[in-house]
Structure formats: structure tokens, C-alpha cells
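J.: Pasting a structure here, questions to come.
Protein chains: 2
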Amino acid sequence: MHTLSEENYLKCIYRLWQDKGQKITPTAIAESLGNNPASVVDMIRKLTDKQLIAYDKKKGVELTSQGQKDATLIVRRHRLWEVFLLEKLGYHWDEIHDIAEELEHIKDATLADRLDKFLGFPEYDPHGDPIPKANGKMAKRFSTTLADVKAGGSCRVVAVKDTTSQFLQYLQKLDINIGTNIQLIEKIPFDNSLVISINGAEHKTVSQKFGESLLIDI
Amino acid sequence: MHTLSEENYLKCIYRLWQDKGQKITPTAIAESLGNNPASVVDMIRKLTDKQLIAYDKKKGVELTSQGQKDATLIVRRHRLWEVFLLEKLGYHWDEIHDIAEELEHIKDATLADRLDKFLGFPEYDPHGDPIPKANGKMAKRFSTTLADVKAGGSCRVVAVKDTTSQFLQYLQKLDINIGTNIQLIEKIPFDNSLVISINGAEHKTVSQKFGESLLIDI
DNA sequence: AAATAAAGTTAGTCTTGTCTAATTTTATTA
DNA sequence: TAATAAAATTAGACAAGACTAACTTTATTT
Chain S
62 MHTLSEENYL KCIYRLWQDK GQKITPTAIA ESLGNNPASV VDMIRKLTDK
112 QLIAYDKKKG VELTSQGQKD ATLIVRRHRL WEVFLLEKLG YHWDEIHDIA
162 EELEHIKDAT LADRLDKFLG FPEYDPHGDP IPKANGKMAK RFSTTLADVK
212 AGGSCRVVAV KDTTSQFLQY LQKLDINIGT NIQLIEKIPF DNSLVISING
262 AEHKTVSQKF GESLLIDI
Chain Z
62 MHTLSEENYL KCIYRLWQDK GQKITPTAIA ESLGNNPASV VDMIRKLTDK
112 QLIAYDKKKG VELTSQGQKD ATLIVRRHRL WEVFLLEKLG YHWDEIHDIA
162 EELEHIKDAT LADRLDKFLG FPEYDPHGDP IPKANGKMAK RFSTTLADVK
212 AGGSCRVVAV KDTTSQFLQY LQKLDINIGT NIQLIEKIPF DNSLVISING
262 AEHKTVSQKF GESLLIDI
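Rendered as C-alpha cells:
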């Protein structure tokens, strides 16, 4: 299989490809990984030799079908482990990413499928990203946010859009978790602030930015 | 923390120390890891600098108290993951070791403790080895084997002493797992073969060597 | 279109962890 | 105890994956 570095590059390229569908340049990869562009050029050569990517100055970096397959599997493992860490081991949202970043590289042919089954074949990870199925297919990303809810409506938190620890710790403080019910009491027209009630508790006000970062199911 | 290699050396030294309590030489470590003695000498220097071991030509390699602590934690993680893989993901005995070998290096301050709790604080791993507690303490290894059972007696399989895939696959074939009940029907004096009944099924004959490899609880 | 800025690339270096080959030290045996 | 074998060590090399510095190519701006 691939080395740890190779897998990280693959995953990065996959993410850039999903995010924007734009041309993927060595510089973009370097920035995304926090590496030097020169190092990226080395790895591009290596991954090209392994037929996982194709690189053309005009088109930028593209994943081959094998590269897509391999990258999808890494993402699948990452997101499954995130579910495991949150649901089974009781970690908080802001702690799971880094650990899953390590766990995703554990190599075993049946591990992902067994974990998937053990977790009850979850569709989404705690960040609202769909978990690729064993065949590589996956659902669409959650897209409705708290900011889309109409005043008077209520909803259930399913995931977060922003995964910075600042946001996740703020959620912690507000006692908002996956499954938490939120009622939208009022929208302040001035700045689109949201007055909400968390699990029926007292009213609190949060910003528009906050509302747009919380993925919900109505 | 430590690199993957450092951790593997630590674990190896810990194992050699537990196994025999004899002088641990560079050559012994090299053989155990399948490495070149020259490489071992390099790593001995590195671990000595990190104050994890002490090396004296007369006394051989010894773990410092910090080294013992760190090694114990790695062993704890390894054994806990083995329990997880077997009990939760349905792997077989002969598959879990190699995967746990990777999982044991996942670095997170609370992971082992959370996993321990999730698994219900198991005392032993599927190979009968005691799982070190968070404080470093651990129970004694299981020591009664099927060969110690008297004719007419019955027992419950708790672990295996031999972890070669040949043995583990043989168990598989005989449908023997952890918790399986075995009655000892007869001991053949000629070669100490054992006539047994597995979960009350028809009689089967196994060798003395087999009996000595199966750890049981009476 | 020339000047300048940005992106991409090459060459060479460093660290980690391994190796081989050669040498030194320690143990064993005739 | 001298000769020989085994173990330990040193020196030097190599691959992976990162880096810096310098150079080239491509884009942008005036």
C-alpha cells in the first residue's frame, strides 16, 4: 500500500478536488498541507509514478481512478473513526479530528467494513460530511443550517460546518451536541442575530455566523 | 512523545525483560525485532539520551522508571485494542495482533482510558496476557492450561498461550473460542494426548502440545 | 511589449532509521 | 594461555521525506 505521507497527499488532493473543482496546483497543495512547494513537487512525481495522480501544467493535478478509489477509502476510514470516537468513546467534537487523522492510516482489508457495521452503517460523520460507502458511493453533504430556519420553527442538530476548536468549544459551552433540539425564537433583522432556546431552556442570542455554522435537520 | 521506532524498541525491551528477566543484549534485541545489531546500537544510544533506558555492558539494557512507564502504556494500548478488535469488530484471534501493532501507536492522552472504560475494564487480553491498568499495575498472567485439567474435569477457555497462526487457525477449525467449555474425557498415558469434548459435542483427540497451549479457568 | 511578480522546478542538504563492511572487544575452547 | 569464535561497535552509505536557496517559466501589470 502507500506510505503515511502518500496517503496524506492523496487525501489533501481529494479534498481540494471536492472543495472547488478548480485546478489543483502544487502551491495550493503546499499551502493546504503546510509544506514547502518543493516538497510537493517531489511527491507529485512519486504519486505520478504510482499512477495515483496525473499532473499537467495546464490542467493541474488530477486523481486517476485508482487515486480516487484510494483517497475515498482514506476518507471513509477517517469519518468512520470520527463517529466511533464521538459515539462510543465519548469524545467531543473538537477532539476527534486529530485522532481520526492517525487512525485513518491503519491498514487492514476489512477494518473499515467491520467498523461500519459495528457503528450501524452511519451516513454522516459528526461534521456533517457523508461517509463513503464500501463501494465508494456517498450521500450529499448536509446543507441546511440554523440560519435557514424560520422564526418559530425548531430543528435538530446533526453536524457542524465549522470545525475550528473555537467554534466547537463554544458549542460545548452552550451545551449543544448532536441531537440537541433548538427552537428559533426570533431573528433580529438588524444583523440577523438569532434568539434561540436550547432543549427548551432559557433564551440565548447567537450571531448569524454561528447560525450558518450549525447543520440541522428540520 | 516518541517515534514509532522508539516505541517498538521500548516494547521489545519490555517484553524481553518480562520474558526472562535475563541480561538484555543488543543482539537479543536485534533478533527479536529482526533488525541488524548495528541499528540496535544506534537506537540504544538514542533511548539512553532520552533517559528511557540505561545500558551497561555488564548488566545489559535496562528500562528506567520512565521507560517502564512508557512501555507499559504501549502494552496497555496494544492489549486493549486486541480486546476491541475481537469483541466488538468480530475479528479472530489470529488476525488481531498485527492490527493492534499499528493501533497501539495512536497518540492521545485519554484514548486508552476511554477504550478501557468502553470495553468494561477487561483484565486480560485474548491471548491471556494481563492488561496493565491506568496506574501501571496489572494482574498475573493466566497459567493453568488444558493439560493441567484432570480426566473427568471441565473448564472454560480464557486465552491462548501460543499465538502462531497455525495454532489459532486450528482452534478456529475446532470451533474453540474464548468462553468455550471443554470437558476432559480422558488422558492417554502413552503420549499425554487428550480426549476432549467441545461444548458437549462428540469426542476429539488433541495432542499434549495442544493442551499446553490453551489457557483455561476451571 | 517590457518589467515585475508569482508559481514551479532543480539542486543540494538534513534527519530518521535502516543497512553493510570493517574493526574492536569479550568469551570460549583447544 | 594462545587461538578462535561470538558479540559489540564504528564508520560510512542509503532511502524517504522534508527543507532552503537559486533558477526558470508563466502571468500580470503598467
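Protein chains in written order, with our numbering: chain S, 62 to 279; chain Z, 62 to 279. Here a beta-carbon is modelled for each residue, glycine too, at the ideal position from N, C-alpha and C.
Name the residue from Z/E143, Z/C216, Z/A208 and Z/S274 whose alpha carbon lies nearest to the alpha carbon of Z/L180.
T.: Looking from the CA of Z/L180, the closest CA among Z/E143, Z/C216, Z/A208 and Z/S274 belongs to Z/E143.
J.: Considering Cα atoms alone, identify which of S/K149, S/R202 and S/I160 is closest to S/D177.
T.: S/K149
J.: Out of curiosity, what's the CA-to-CA distance linking S/I114 and Z/I167?
T.: 29 Å
J.: Would you say S/G151 lies against chain Z (beta-carbon separation less than 8 Å)?
T.: It does; some Cβ of chain Z falls within 8 Å.
J.: Under three-state DSSP, which class holds S/I249?
T.: strand
J.: Could you say if the stretch 241 to 258 of chain S and the stretch 200 to 212 of chain S meet the contact criterion of at least three C-beta pairs nearer than 8 Å?
T.: yes
J.: Counting pairs of beta carbons, one from the stretch 214 to 231 of chain Z and one from the stretch 265 to 276 of chain Z, are three or more of them closer than 8 Å?
T.: yes
J.: Check Z/R140 in the structure and name its three-state DSSP category.
T.: helix
J.: Can you give me the Cβ contacts of Z/T88 inside the same chain, cut-off strictly under 7 Å, excluding the 5 residues immediately before and after it?
T.: P98
J.: Taking the straight line between their C-alpha atoms, what separation do you get for S/T36 and S/Q129?
T.: No answer is possible for residue 36 of chain S: the residues shown for chain S start at 62 and end at 279.
J.: For S/F203, go through chain Z and note every residue whose CB falls closer than 8 Å to its CB, in chain order.
T.: What S/F203 touches in chain Z: nothing, since even the nearest Cβ is about 27 Å away.
J.: Using only the alpha-carbon positions, how far apart do S/R140 and Z/H139 sit?
T.: About 23 Å.
J.: Quick one: is S/K168 near chain Z, going by C-beta distance under 8 Å?
T.: Residue-level contact check: S/K168 touches chain Z, since one or more beta carbons of chain Z fall below 8 Å from its beta carbon.
J.: Please check if any C-beta of chain Z sits within less than 8 Å of the C-beta of S/R330.
T.: Past the boundaries of the shown model lies residue 330 of chain S; chain S is included only from 62 to 279, so the question cannot be answered.
J.: Let me confirm a value: S/F182 is counted as buried when at least 16 other C-beta atoms fall within 10 Å, else exposed. Which label applies?
T.: By the neighbour-count definition (other C-beta atoms within 10 Å, threshold 16), S/F182 is an exposed residue.
J.: In terms of residues, what are the limits of the alpha helix (DSSP H) holding S/S254?
T.: Run containing S/S254: none in the alpha helix (DSSP H); it sits in the beta strand (DSSP E), S254 to I259.
J.: Can you grab the Cα-Cα spacing for the pair Z/N96 / Z/M104, in whole Å?
T.: 11 Å
J.: Quick one: which chain Z residues come within Cβ less than 7 Å of S/L108?
T.: Correct list: empty, because the minimum Cβ distance to chain Z is about 22 Å.
J.: Under 8 Å Cβ to Cβ from Z/G261, same chain only, skipping five residues before and after it: list those, please.
T.: So the qualifying residues of the chain are N242 and Q244.
J.: So which residues on chain S does Z/I160 lean against when the C-beta distance must stay under 8 Å?
T.: Within chain S, the C-beta atoms nearer than 8 Å to that of Z/I160 come from I167, D169 and L172, in chain order.
J.: Here's the rule: buried if 16 or more other CB atoms are within 10 angstroms of the residue's CB, otherwise exposed. What is Z/T64?
T.: Z/T64 is exposed by the Cβ-count criterion.
J.: Of the residues S/A220, S/L164, S/A208 and S/E165, which one's Cα is nearest the Cα of S/D190?
T.: S/A220
J.: Between S/N196 and S/I90, what straight-line distance do the alpha-carbon atoms span, to the nearest angstrom?
T.: 27 Å
J.: Under 8 Å, Cβ to Cβ, is there at least one residue of chain S near Z/E163?
T.: yes
J.: Is S/G121 helix, strand or coil when you go by DSSP?
T.: strand
J.: Which class does S/A89 belong to by DSSP, given the choice of helix, strand or coil?
T.: helix
J.: Does S/L71 come within less than 8 Å of chain Z when only Cβ atoms are used?
T.: no
J.: Could you pull out every unbroken alpha helix (DSSP H) segment of at least 4 residues lying fully inside the stretch 161 to 247 of chain Z, listed in chain order?
T.: Here the runs fully enclosed are 172 to 179 and 226 to 235.
J.: State the beta-bridge partners of Z/T266 as determined by DSSP.
T.: Per DSSP, Z/V256.
J.: Thinking C-alpha only, which one of Z/K201, Z/V122 and Z/V101 is nearest Z/Y75?
T.: Distances from the alpha-carbon of Z/Y75 to those of Z/K201, Z/V122 and Z/V101 put Z/V122 closest.
J.: Measuring alpha carbon to alpha carbon, tell me which residue in Z/D186, Z/T206 and Z/K120 is nearest Z/M12.
T.: No answer is possible for residue 12 of chain Z: it lies beyond the span of chain Z, which begins at 62 and ends at 279.
J.: Using Cβ-Cβ distances below 9 Å, what residues of the stretch 179 to 190 of chain S are close to chain Z?
T.: F179
J.: Please confirm if S/R137 has its CB atom under 8 Å from at least one CB of chain Z.
T.: Not an interface residue.
J.: Around the Cβ of S/F251, are there at least 16 other Cβ atoms within 10 angstroms (buried) or fewer (exposed)?
T.: exposed
J.: Within the present structure, is the beta-carbon of S/N196 separated from the nearest heavy atom of the ligand FAD by less than 7 Å?
T.: The ligand FAD is not part of this structure, which contains no ligands at all.
J.: Assign S/H264 to buried or exposed, taking buried as 16 or more other Cβ atoms, counted over all protein chains shown, within 10 Å of its Cβ.
T.: exposed
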